[in-house]
Amino acid sequence: MSPMTRLLSKVRGNRLMVLQGPWILRFDQTGRFLLASGPGRAVRRGLDDRLVRTRTLPVRGLLGRRYEILEADEKPAFYRRVYNAALSSLASLPRDEARVWQDRLVRWTPEALTTDREAFDDVYLPISILPPDQYHALVVQITHGCSYNRCLFCDFYRDRRFHVKTPEELDRHLERLRAFMGRRIEERSGIFLGDGNAFVVPTARLIGMLEQIRRTLGDNVAGEFYTFMDTFTLEHKSPQGLRRIYDHGLRTVYTGLETGADRLRAFLRKPGTAREAVHALNVLKEVGFRLGVILLVGAGGPAFAEEHLDGTLEALRNLHLTSEDVIFLSPFMEPEDTDYESQARAAGLTTFSEPETARELLRWQQALAALPARITLYSIKEHLYF
Ligand code: SF4
1 MSPMTRLLSK
11 VRGNRLMVLQ
21 GPWILRFDQT
31 GRFLLASGPG
41 RAVRRGLDDR
51 LVRTRTLPVR
61 GLLGRRYEIL
71 EADEKPAFYR
81 RVYNAALSSL
91 ASLPRDEARV
101 WQDRLVRWTP
111 EALTTDREAF
121 DDVYLPISIL
131 PPDQYHALVV
141 QITHGCSYNR
151 CLFCDFYRDR
161 RFHVKTPEEL
171 DRHLERLRAF
181 MGRRIEERSG
191 IFLGDGNAFV
201 VPTARLIGML
211 EQIRRTLGDN
221 VAGEFYTFMD
231 TFTLEHKSPQ
241 GLRRIYDHGL
251 RTVYTGLETG
261 ADRLRAFLRK
271 PGTAREAVHA
281 LNVLKEVGFR
291 LGVILLVGAG
301 GPAFAEEHLD
311 GTLEALRNLH
321 LTSEDVIFLS
331 PFMEPEDTDY
341 ESQARAAGLT
351 TFSEPETARE
361 LLRWQQALAA
371 LPARITLYSI
381 KEHLYF
């Protein structure tokens, strides 16, 4: 962003847009900074006050983006720059409108934005991961953690014990959520049920929670529900129970199939065989659920490369996918808080380098292209709840 470029404000819906040369800054209806986007790069703010910088690289394929989180000591200067630009741009608005936006913007000093982070932490345990098409849903943590929590590649929920909220706890969570979001809640449509496998909640209790959320947040916000699920606890739900859940508005489920190769599943400590996982997903398809199927490209390294792709292709061919389903290709990243590294070393496995992972992603994309579902990238580095 060049300080010399002419600044222009526009109000679009209830948001403020600031145009500065090729850069566009966006602020929400409360004056909180949302996004700065310019040629080949962008900085986005999450509800937890994380700032993620994205760069688009001149690289073909699914890995043509880089992400980094701005350090705490970089943020105040960044915020001062974008807010100074926004305040200077207001001269281009009608005077009354400019005054309204001036009042909204001046509140958000770097310190106030940090306090906003504390308010976020009052509502939520960290939102460790979301499907990439759900970053803008409203997350309601009906559970904490994952009831299994032992997959070798996953450290998203190692910091918490699995817990299903009681009606009273859910009430408190929803009240805090409403207070934190304020008017911003009206812009959300759809509820993502946290955390890692909330679908495991017994049917009657889950339906009670969907009704409680809808009663509190209203049909506009809680019209539809989404969640992660595992494929190995579905036998606890009857087809009739699944139908009732679907009829209550939970219609999209995201699941980590990871691989169709059983030897690799066993190494990754993913319970059940690929055949059992596919059976569970086909039961959901029968009822009408839309699926998001996550595949862990590069897991097991070069030694598993062919077996991993062949087994997964076979599993996906047996899955009754339709054009409304999505297959997410998630490049494998070595977790920090599991013993993946030592287990891989003991098994003589190596890890793909970044360029090799990029090649694997392209290879998988081409191999899966004939399937009816849409195929897209799911980079866990990109994750930001905004
Ligand atoms: S991958 Fe899913 S099932 Fe496995 S530990 Fe992580 S959240 Fe739980």
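Just so it is clear: in the sequence shown, position 65 is 65 by the UniProt record's numbering, and no numbers are missing. Glycine included, every Cβ here is placed at the ideal spot set by N, Cα and C. No experiment lies behind these values; they were computed from the predicted model shown.
Residues in the same chain with beta-carbon distance under 6 Å from residue i, minus the five sequence neighbours each way, listed in chain order, please.
i           : result
residue 127 : 139, 385
residue 43  : 36, 51, 53
residue 41  : 55
residue 39  : 22
residue 101 : 16, 90
residue 297 : 329, 331, 360, 361, 364
residue 338 : 152, 155
Is residue i near the ligand SF4, in the sense that its beta carbon is under 8 Å from a heavy atom of that ligand?
i           : result
residue 83  : no
residue 230 : yes
residue 340 : no
residue 156 : yes
residue 385 : no
residue 196 : yes
residue 256 : yes
residue 332 : no
residue 148 : yes
residue 75  : no
residue 328 : no
residue 153 : yes
residue 237 : no
residue 270 : yes
Check whether the Cβ of residue i sits closer than 8 Å to any heavy atom of the ligand GDP, and report yes or no.
i           : result
residue 107 : Summarising the ligand content, the structure contains the ligand SF4 and does not contain the ligand GDP.
Would you report the Cα separation of residue i and residue j, rounded to the nearest angstrom?
i           : j           : result
residue 193 : residue 142 : 6 Å
residue 64  : residue 292 : 22 Å
residue 164 : residue 201 : 7 Å
residue 35  : residue 50  : 12 Å
residue 116 : residue 48  : 7 Å
residue 20  : residue 186 : 29 Å
residue 329 : residue 367 : 12 Å
residue 262 : residue 273 : 6 Å
residue 269 : residue 212 : 35 Å
residue 255 : residue 295 : 9 Å
residue 174 : residue 350 : 45 Å
residue 6   : residue 151 : 53 Å
residue 300 : residue 209 : 38 Å
residue 230 : residue 286 : 17 Å
residue 13  : residue 317 : 44 Å
residue 28  : residue 219 : 23 Å
residue 388 : residue 361 : The question about residue 388 has no answer here: the residues shown for the chain are numbered 1 through 386.
residue 238 : residue 321 : 21 Å
residue 354 : residue 136 : 29 Å
residue 288 : residue 154 : 29 Å
residue 265 : residue 134 : 26 Å
residue 217 : residue 311 : 43 Å
Whose C-beta lies closer than 7 Å to the C-beta of residue i among residues of the same chain, with five residues either side of it excluded?
i           : result
residue 234 : 280, 283
residue 196 : 145, 146, 156, 157, 228
residue 206 : 245
residue 125 : 141, 144, 160
residue 290 : 251, 252, 324, 325
residue 129 : 156, 380, 383
residue 119 : 180
residue 178 : 185
residue 214 : 222
Using DSSP bridges, identify the partner residues of residue i.
i           : result
residue 23  : 20
residue 191 : 138, 225
residue 35  : 26, 44
residue 331 : 297
residue 9   : 18
residue 291 : 253
residue 52  : 44, 69
residue 377 : 329
residue 111 : Paired residues: none, contrary to the question.
residue 144 : 163
residue 211 : Beta-bridge pairing links residue 211 to no other residue.
residue 258 : 295
Leaving aside the five residues before and after residue i along the sequence, list all residues of the same chain whose C-beta is less than 8 Å from its C-beta, in chain order.
i           : result
residue 122 : 176, 180
residue 313 : 260, 367, 368
residue 182 : 30
residue 371 : 316, 317, 321, 327
residue 348 : 303
residue 341 : 334
residue 460 : Given that the chain is displayed from residue 1 to residue 386, the structure contains no residue 460 and the question cannot be resolved.
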